[in-house]
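Down below is the structure, laid out as structure tokens.
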Amino acid sequence: MVFESYLTGLVVCGGIIVAIGAQNAYVLSQAIRREHHWWSAGLCMTSDILLFTLGMFGVSAALMAMPEALDVLRWLGVGFLGLLAGQAFYRVLKGRASLAAGEARRSTVKGVILTTLAVTLLNPQVYLDTLLLIPAVGAQQSDPATFVAGASSASVLWFGALAWAGSRLAPWLARPAAWRVIDGVIGLMMTAIAIQLAAGGL
Numbered sequence: 001m002v003f004e005s006y007l008t009g010l011v012v013c014g015g016i017i018v019a020i021g022a023q024n025a026y027v028l029s030q031a032i033r034r035e036h037h038w039w040s041a042g043l044c045m046t047s048d049i050l051l052f053t054l055g056m057f058g059v060s061a062a063l064m065a066m067p068e069a070l071d072v073l074r075w076l077g078v079g080f081l082g083l084l085a086g087q088a089f090y091r092v093l094k095g096r097a098s099l100a101a102g103e104a105r106r107s108t109v110k111g112v113i114l115t116t117l118a119v120t121l122l123n124p125q126v127y128l129d130t131l132l133l134i135p136a137v138g139a140q141q142s143d144p145a146t147f148v149a150g151a152s153s154a155s156v157l158w159f160g161a162l163a164w165a166g167s168r169l170a171p172w173l174a175r176p177a178a179w180r181v182i183d184g185v186i187g188l189m190m191t192a193i194a195i196q197l198a199a200g201g202l
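Numbering (UniProt numbering), first residue to last: 1 to 202.
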């Protein structure tokens, strides 16, 4: 049961993290240009871990006092997952702009940190994810702490992969066709999770 909670956190939050386009596009663009991309990726990881923890245990405490709120959160989560899936499938049809590795003016470490904080903390979707969707799924797990550990692992793995592989695979990752494949996988994952959550929880 503990491993199941960890795996649920890894899969659910992994799909959510990949779906947040602003963070991914910025970290990937920095990796393609090899400009302080580990600073950007590390800050995204740290922000996610803090927000996952605060959202999970803060909302879980409230749910203990109001158990009936769990159903409300569950259906709001289903709706939000459906929205994420719809957006992902729309991006598959529309496509994303390419991420060029052109010779632009180089960014400073301070500039990269401030921009990363902006694309992370000024994105309303981040708060919907951490305060609504993640607690809705995590509160149903047998071990919420392990669920958060799985969610945190997803963030570390994903942003670490973007920072490490982004510069090595720049010619392939910069193509809009690559993001069509990624968005298609995101859409399928979000749809499957929404169906399972609607059926009674993961």
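Backbone N, C-alpha and C fix where the C-beta goes; we use that ideal spot for every residue, glycine too.
{"Check": "C-beta contact flag for Gly9 and Ala149 at 8 Å", "Outcome": "yes"}
{"Check": "Val18 beta carbon less than 8 Å from that of Trp158", "Outcome": "yes"}
{"Check": "Assigned secondary structure, Arg175 (DSSP; H/G/I helix, E/B strand, else coil)", "Outcome": "coil"}
{"Check": "Contact belief for Val92 with Arg180 at Cβ below 8 Å, rounded distance in angstroms", "Outcome": "5 Å"}
{"Check": "Of the residues Ala194, Ala139, Ala192, the one placed nearest Glu68, counting alpha carbons only", "Outcome": "Ala139"}
{"Check": "Cβ shell of Leu128 (< 7 Å), same chain only, five flanking positions each side left out", "Outcome": "Phe80"}
{"Check": "Cutoff 8 Å; reference Ala104; Cβ partners in own chain excluding five residues on either side", "Outcome": "Its pLDDT being 48, under 50, Ala104 is placed unreliably in this model, and the value from its coordinates should be taken loosely. Hits under 8 Å: Arg33."}
{"Check": "Short Cβ contact (8 Å threshold) for His37 with Gly166", "Outcome": "yes"}
{"Check": "Cβ-Cβ distance between residue 203 and Val112 below 8 Å", "Outcome": "This structure does not reach residue 203, given that the chain is present from 1 up to 202, and the question cannot be answered."}
{"Check": "Spatial neighbours of Thr191 in its chain, beta-carbon cut-off 7 Å, leaving aside the 5 residues before and after", "Outcome": "Ala85"}
{"Check": "Coil, strand or helix - Gln141 by DSSP", "Outcome": "coil"}
{"Check": "Within 8 Å, strictly: CB atoms of Leu162 and Val27", "Outcome": "yes"}
{"Check": "Rounded separation between Met189 and Gly15 - CA only", "Outcome": "7 Å"}
{"Check": "Assigned exposure category for Gly58 - 16 Cβ within 10 Å defines buried", "Outcome": "exposed"}
{"Check": "Buried/exposed call for Leu108, threshold 16 Cβ in 10 Å", "Outcome": "It is Thr, not Leu, that sits at residue 108 in the sequence shown. Exposed is the call here."}
{"Check": "Cutoff 7 Å; reference Leu169; Cβ partners in own chain excluding five residues on either side", "Outcome": "none"}
{"Check": "Contact check, Ser152 vs Phe52, beta carbons under 8 Å", "Outcome": "yes"}
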